[in-house]
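J.: Residue numbers (our numbering): 10 to 70. One structure, as structure tokens, below. Some questions next.
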């Protein structure tokens, strides 16, 4: 029996070729949300939500 063992991962990359596009989208979002970026900078060191599971819901009609 030939078994291939994969290392444990807590993430999944569906298509690594989209990484550059994703980084570009993140940069655009950062410039369009200065308030959110200020909060990110303020709390980056203390990580007050570390370990929390954050969920959201958006209803589209």
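For glycine and all other residues, C-beta sits at the position ideal for the given N, C-alpha and C. Values in this document were obtained by computation on a predicted structure and should not be read as measured data.
#1: Taking only runs of the alpha helix (DSSP H) that begin and end inside the stretch 13-42, which ones reach a length of at least 4 residues, in chain order?
#2: Between the C-alpha atoms of residue 50 and residue 15, what's the straight-line distance to the nearest angstrom?
#3: With H, G and I counted as helix, E and B as strand and the rest as coil, what does DSSP make of residue 48?
T.: Short version:
#1: 28-41
#2: 36 Å
#3: helix
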